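Numbering (this note's numbering), first residue to last: 487 to 820.
Written out as structure tokens, the structure reads:
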């Protein structure tokens, strides 16, 4: 798809369509409306050089699914600390948990002439991400990829999940459940896919495959409420739960507290992300630290390099560490 196709569809010359694209002097309002309508109908997005003609806006868009997730604030802080040193500002946009919603927000950020884009665990195929990267410098977080067109930063999610299982087994647990974000079960690029694989591999390594239980719930506060209910509905109660993400674990703790039940008395509980909230005194959640702020700093550095002209792709993998705290103890009465 090129500007020539847009011009033909709109019934104007290529030069006229180019004027509209560059917001140049000499394009009438009627012509602008025709060309923009054709761009919208054809799904056309300006390529890199065309965007460059419009000049920089010194803004970088960051798409997240849920602004309530405390890990995203760590990540955004890291990105912002780097890009501001290069005179860029960050625009954070929550996009929800649907593919269509995330696609709409992504397109809106591009249309508002961001100089670069950060997509955090997006519900988009690698093909769609590569198509986006042809329009705008792109760095994807939490996406396991080797694409030549965009950069990525992810944690070693399989290792992180296995660290949790190893820790729980060392405490004496055997019946260990895992909360799986249902959106990523079948996509090998998603962190959920790799954390589930790490959980299953660790359970198998310890000879506990028949004790494994996978619960489907979104990695959100609402998903944590659902997960707490699903644990109670299991025919055999687990003595420990790996919640998959801190936001899920925190919601589970809150839901049990509402029922006058408490962690770790009800069962041991571990999260993932080492968000600021997880370390607070009354909570002290066992979790996995994937260096959220450092991850954000890496994202910011890679994206600025892309904007400044680097064309080869970079894919960074962060090594996680276990943060053992007070929500995981030996099984009660065992």
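All C-beta atoms in this analysis are idealised placements derived from N, C-alpha and C, irrespective of residue type, glycine included.
Small disclaimer: the values here were computed from a predicted structure and weren't measured.
Nonlocal neighbours in the same chain, by C-beta distance under 8 Å from residue i, ignoring five residues either side
{"i": "residue 742", "result": "714, 748, 749 and 752"}
{"i": "residue 535", "result": "Any reading at residue 535 must be qualified, since the residue scores a pLDDT of 49, below 50, and its modelled position is unreliable; the value itself is stated next. Excluding sequence neighbours, residue 535 sits near nothing in its chain."}
{"i": "residue 672", "result": "679"}
{"i": "residue 587", "result": "581"}
{"i": "residue 593", "result": "531"}
{"i": "residue 814", "result": "653, 654, 657, 726, 750, 754, 755, 756 and 772"}
Secondary structure of residue i, DSSP reduced to three states
{"i": "residue 849", "result": "The first residue shown for the chain is 487 and the last is 820, placing residue 849 beyond what the model contains."}
{"i": "residue 807", "result": "strand"}
{"i": "residue 752", "result": "coil"}
{"i": "residue 579", "result": "strand"}
{"i": "residue 738", "result": "helix"}
{"i": "residue 490", "result": "helix"}
{"i": "residue 683", "result": "helix"}
{"i": "residue 663", "result": "strand"}
{"i": "residue 815", "result": "coil"}
{"i": "residue 537", "result": "Note that residue 537 scores a pLDDT of 49, beneath 50, so its modelled location is shaky and nothing firm can be said."}
{"i": "residue 801", "result": "strand"}
{"i": "residue 657", "result": "helix"}
{"i": "residue 766", "result": "coil"}
{"i": "residue 605", "result": "strand"}
{"i": "residue 701", "result": "strand"}
{"i": "residue 521", "result": "helix"}
{"i": "residue 725", "result": "coil"}
{"i": "residue 774", "result": "strand"}
{"i": "residue 554", "result": "coil"}
{"i": "residue 549", "result": "strand"}
{"i": "residue 567", "result": "helix"}
Alpha-carbon to alpha-carbon, residue j and residue i
{"i": "residue 652", "j": "residue 772", "result": "13 Å"}
{"i": "residue 551", "j": "residue 785", "result": "17 Å"}
{"i": "residue 800", "j": "residue 514", "result": "43 Å"}
{"i": "residue 538", "j": "residue 611", "result": "The predicted model places residue 538 with a pLDDT of 46, which falls under 50 and marks its position as unreliable; any figure quoted below should be read in that light. If I take the Cα positions, the gap works out to 26 Å."}
{"i": "residue 704", "j": "residue 737", "result": "12 Å"}
{"i": "residue 790", "j": "residue 596", "result": "16 Å"}
{"i": "residue 555", "j": "residue 582", "result": "12 Å"}
{"i": "residue 701", "j": "residue 734", "result": "12 Å"}
{"i": "residue 626", "j": "residue 579", "result": "15 Å"}
{"i": "residue 521", "j": "residue 794", "result": "30 Å"}
{"i": "residue 523", "j": "residue 502", "result": "14 Å"}
{"i": "residue 575", "j": "residue 668", "result": "33 Å"}
{"i": "residue 811", "j": "residue 755", "result": "10 Å"}
{"i": "residue 516", "j": "residue 598", "result": "21 Å"}
{"i": "residue 497", "j": "residue 634", "result": "36 Å"}
{"i": "residue 489", "j": "residue 630", "result": "33 Å"}
{"i": "residue 688", "j": "residue 519", "result": "58 Å"}
{"i": "residue 768", "j": "residue 711", "result": "19 Å"}
{"i": "residue 759", "j": "residue 504", "result": "46 Å"}
{"i": "residue 553", "j": "residue 577", "result": "12 Å"}
{"i": "residue 585", "j": "residue 591", "result": "10 Å"}
{"i": "residue 617", "j": "residue 818", "result": "52 Å"}
Residues of its chain near residue i, where Cβ-Cβ distance is below 6 Å and the 5 sequence neighbours each way are ignored
{"i": "residue 542", "result": "601"}
{"i": "residue 778", "result": "557, 560 and 561"}
{"i": "residue 647", "result": "681, 684 and 685"}
{"i": "residue 660", "result": "694 and 697"}
{"i": "residue 716", "result": "701"}
{"i": "residue 692", "result": "655"}
{"i": "residue 770", "result": "811 and 812"}
Cβ-Cβ separation, residue j to residue i (assumed contact under 8 Å), whole Å
{"i": "residue 531", "j": "residue 621", "result": "4 Å"}
{"i": "residue 605", "j": "residue 624", "result": "7 Å"}
{"i": "residue 729", "j": "residue 665", "result": "5 Å"}
{"i": "residue 732", "j": "residue 757", "result": "4 Å"}
{"i": "residue 491", "j": "residue 549", "result": "So it is not a contact: roughly 27 Å between Cβ atoms."}
{"i": "residue 788", "j": "residue 637", "result": "4 Å"}
{"i": "residue 547", "j": "residue 615", "result": "Incorrect: roughly 14 Å between the Cβ atoms, too far for contact."}
{"i": "residue 628", "j": "residue 674", "result": "So it is not a contact: roughly 13 Å between Cβ atoms."}
Sequence-distant residues of its chain with Cβ nearer than 7 Å to residue i (five each side left out)
{"i": "residue 806", "result": "641, 642, 645, 646, 649, 774, 775 and 776"}
{"i": "residue 563", "result": "779 and 782"}
{"i": "residue 499", "result": "493"}
Closer than 9 Å to chain D by CB, residue i
{"i": "residue 625", "result": "Here there is only one protein chain, and chain D is not present."}
Okay, do the region 690-701 and the region 760-776 touch, 3+ Cβ pairs below 8 Å being the bar? no
With three or more beta-carbon pairs closer than 8 Å as the criterion, would you say the region 718-726 touches the region 562-571? no
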